[in-house]
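Keeping their order, the protein sequence lines are chains A and B.
The numbering of the first sequence is the working numbering, which starts it at 11 and goes up by one.
The numbering of the second sequence is the working numbering, which starts it at 11 and goes up by one.
Glycine included, C-beta positions come from ideal geometry on N, C-alpha and C.
Down below is the structure, laid out as structure tokens.
Number of protein chains: 2
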Amino acid sequence: MTGKQKKEARKRILDSAISLFARKVYAAVGVREIAQEAEVNISMISYYFGGKAGILKTIINEFHNQYYRVITDAIDDSKPPEECLRLIISRIISFVRINTEITMVAFNTLPLDIPGITDIQAGRVIEMLEGINSLCRRFDMDPNDPFPISIIGPAMLSTILSHFRLKPVQKNIFGFEFDHAFYERYARTIETLFLYGITGIAAQSKKAKGDKNETDC
Amino acid sequence: MTGKQKKEARKRILDSAISLFARKVYAAVGVREIAQEAEVNISMISYYFGGKAGILKTIINEFHNQYYRVITDAIDDSKPPEECLRLIISRIISFVRINTEITMVAFNTLPLDIPGITDIQAGRVIEMLEGINSLCRRFDMDPNDPFPISIIGPAMLSTILSHFRLKPVQKNIFGFEFDHAFYERYARTIETLFLYGITGIAAQSKKAKGDKNETDC
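Below, the structure is given as structure tokens:
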């Protein structure tokens, strides 16, 4: 087998697994099914990934490598935080639009307690939250308060992901065409939702801190 | 079999199906598995629901009956819209907190194209969106523009649902205790996110309309 063919088999396994895990759930998919979909011999899965959990580990790392770049590339301290936030949102939308299935797999498997996976997920989520946190600080949020970022990060991703989940329903109900114009407007709207929302949360947390300091005096 | 026992078997089937559909996915669960979990004879499923799709239909209707009341009960035109929005959010949080699994089932099966289910879902979603729409109008949004409500409704539910999905991860990462104090603060934060966010979207849509009218002149 040549190097190229090897790479192709590995890639085919990953792509098939992403699609199967997204359509079904991780627990309901077997290695035999992945091998069939990928048109590889089942032994290839052990060879490249050691098993089903190894495939998921690779998928999750792959997702977080990309998603982390999406977020951190948009954070530029020389630009106003409002501009960075708008850029993060529009970049997340573009990313999820292209990578809907891998995002669904990474997001849906987050709450699962799969040995060897949970630690990786947690580590990668912390890394990603640090990016969001550094931005939130610039909106005058208390950097020592993990509460707002524990909400803002998941809210952004789940809101955007919900659009892609509900696309068929929205098409039926509203008759939307999901064209370039739609996504331009969609991005502006989600940006505004979070820009105003985060500003409000920052003001609220500042006020709560002020109230607390007053009581402390 | 007495009426009470009959009711209990039907209820046991529903509860088992909700739990199984939430943990796995609809497609991966068989009627045999539901009957086993519910400790009923498999024929009871045909008797009460006609089959697996019948169970899902009942679950979806049950969810929407309750969710619709959660939203519409909070809409009171004699109160300021800000107060209604805060009430809707805190009521959705309480509802999802108590009914996490049925909410996950209703939300996750929305995009699926299951014969006899899709139409019901669409009808119930329209009904629910009308509630959200009547509130958005009070924030000065254009009542003829379906775009903002197509985003705001799913964003509220998916953001709140994402918290319940990610609870185990958040516990590990942030060490949060999900007690009464946590949910008080959580509710205030999500309320603020959407209150400011919707105000921003309304201002944006008003501005876009103004700009358009100017061009039309």
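TODO: Can you give me, in chain order, the residues of the stretch 102 to 123 of chain B that have a beta carbon less than 9 Å from any beta carbon in chain C?
DONE: The chain inventory of the structure shown lacks chain C, comprising the protein chains A and B.
Task: Contacts of residue 173 of chain B in chain A (Cβ-Cβ under 8 Å) - done: At a beta-carbon threshold of 8 Å, the residues of chain A lying near residue 173 of chain B are 161, 164, ordered along the chain.
Open item on the list: Just verifying my parser: in three-state terms, what is the DSSP assignment at residue 121 of chain A?
Closed with: If DSSP states are grouped into helix, strand and coil, residue 121 of chain A belongs with coil.
Open item on the list: Alpha carbons only, please: which of A/127, A/121, A/125 is nearest the one belonging to residue 164 of chain A?
Closed with: Comparing alpha carbon positions, the residue from A/127, A/121, A/125 closest to residue 164 of chain A is A/121.
TODO: Out of B/219, B/196, B/147, B/220, state which residue places its alpha-carbon closest to the alpha-carbon of residue 214 of chain A.
DONE: Per the Cα distances, B/196.
- [ ] Quick one: measure Cβ to Cβ for residue 134 of chain B and residue 70 of chain B, integer angstroms, because I've assumed they're closer than 8 Å.
- [x] Rounded, the Cβ-Cβ distance is 7 Å, consistent with contact.
Task: Exposed unless 16 or more other CB atoms sit within 10 angstroms - verdict on residue 142 of chain A - done: With 16 or more other Cβ atoms inside 10 Å of its own Cβ, residue 142 of chain A counts as buried.
Open item on the list: Using C-beta distances below 7 Å, list every residue in its chain close to residue 227 of chain B, excluding the 5 sequence neighbours before and after it, in chain order.
Closed with: Note that residue 227 of chain B scores a pLDDT of 49, beneath 50, so its modelled location is shaky; the value from the coordinates is reported in the next line. Once the five neighbours on either side are set aside, residue 227 of chain B has no close Cβ partner at all.
- [ ] Report the neighbours of residue 198 of chain A on chain B: residues whose CB is nearer than 8 Å to its CB, in chain order.
- [x] Near residue 198 of chain A (Cβ distances below 8 Å), the residues of chain B are 214.
Open item on the list: Could you check whether residue 210 of chain A and residue 199 of chain B sit closer than 7 Å to each other, using their CB atoms as the reference points?
Closed with: No, these two residues do not count as a Cβ contact at 7 Å.
Task: Alpha carbon of residue 138 of chain B to alpha carbon of residue 110 of chain B, nearest angstrom - done: Rounded to the nearest whole angstrom, the CA to CA distance from residue 138 of chain B to residue 110 of chain B is 18 Å.
Task: Short-range partners of chain A found in the stretch 120 to 147 of chain B, where Cβ spacing is below 8 Å - done: Answer set for the stretch 120 to 147 of chain B: 120, 121, 123, 128, 131, 132, 135, 136, 139.
- [ ] To the nearest angstrom, report how far apart residue 204 of chain B and residue 86 of chain B are at their CA atoms.
- [x] Cα to Cα, the separation comes out at about 18 Å.
- [ ] State buried or exposed for residue 192 of chain A, treating a residue as buried only when at least 16 other CB atoms are found within 10 Å of its CB.
- [x] Under the 10 Å beta carbon count, residue 192 of chain A is surrounded by fewer than 16 other beta carbons and is classified as exposed.
Task: Closest residue to residue 155 of chain A among B/68, B/161, B/119, B/186 (Cα-Cα distance) - done: Distance check between residue 155 of chain A and each of B/68, B/161, B/119, B/186 places B/186 closest, using alpha-carbon atoms only.
Task: Rounded straight-line distance, which links the Cα of residue 189 of chain B to that of residue 181 of chain B - done: Distance between the alpha carbons of residue 181 of chain B and residue 189 of chain B is about 12 Å.
Task: Secondary structure, alpha helix (DSSP H): runs of 4+ residues fully inside the stretch 125 to 212 of chain B - done: Within the stretch 125 to 212 of chain B, the alpha helix (DSSP H) runs of at least 4 residues that lie entirely inside it are, in chain order, 128 to 148, 156 to 175, 177 to 184.
TODO: Specify the secondary structure class of residue 90 of chain B as computed by DSSP and reduced to three states.
DONE: In the three-state reduction of the DSSP assignment, residue 90 of chain B falls in the coil class.
- [ ] Just mark residue 53 of chain A as buried or exposed, buried being the case when its beta carbon has 16 or more other beta carbons within 10 Å.
- [x] Residue 53 of chain A should be labelled exposed.
Open item on the list: Does residue 42 of chain B pass the burial test, meaning 16 or more other C-beta atoms within 10 Å, or should it be called exposed?
Closed with: With fewer than 16 other CB atoms across the displayed protein chains lying within 10 angstroms of its CB, residue 42 of chain B is exposed.
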